[in-house]
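In this note's numbering, the protein residues as written are 12 to 109.
Don't be surprised by glycine CBs; every beta carbon is placed ideally from N, CA and C.
All of these numbers come straight from a predicted model, not from anything done at the bench.
Shown next, in structure tokens, is the structure this report addresses.
Below is the structure:
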């Protein structure tokens, strides 16, 4: 049973890496899949960012949290400049100030 699971996992892992490079799947995805994939990064990164900003040691920290200020400043800088380095530097600067 264990060997079956190991072999099956290997086949699935190999297939997920091989199929996009082969001619078995179309090179251009259908439009509805492309539209759906636009939201994947937002859906994955938002909970990670919210968790790292608001949760510490399994408790919600809202008051006197410098990470909230850094996140707000970084969000504003990101929206205005659309520059990843400036966003990172501004967020880290706020953390260092507080």
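Check                                                                                                                                                                                           : Outcome
Work out the CA separation of residue 88 and residue 105 for me, nearest whole Å.                                                                                                               : 12 Å
Identify, in the order they occur along the chain, each residue of the same chain with its Cβ nearer than 6 Å to the Cβ of residue 36, setting aside the five sequence neighbours on each side. : 30
Name, in chain order, the residues that DSSP records as bridge partners for residue 66.                                                                                                         : 71
Would a C-beta distance cut-off of 8 Å place residue 102 and residue 91 closer than the cut-off?                                                                                                : no
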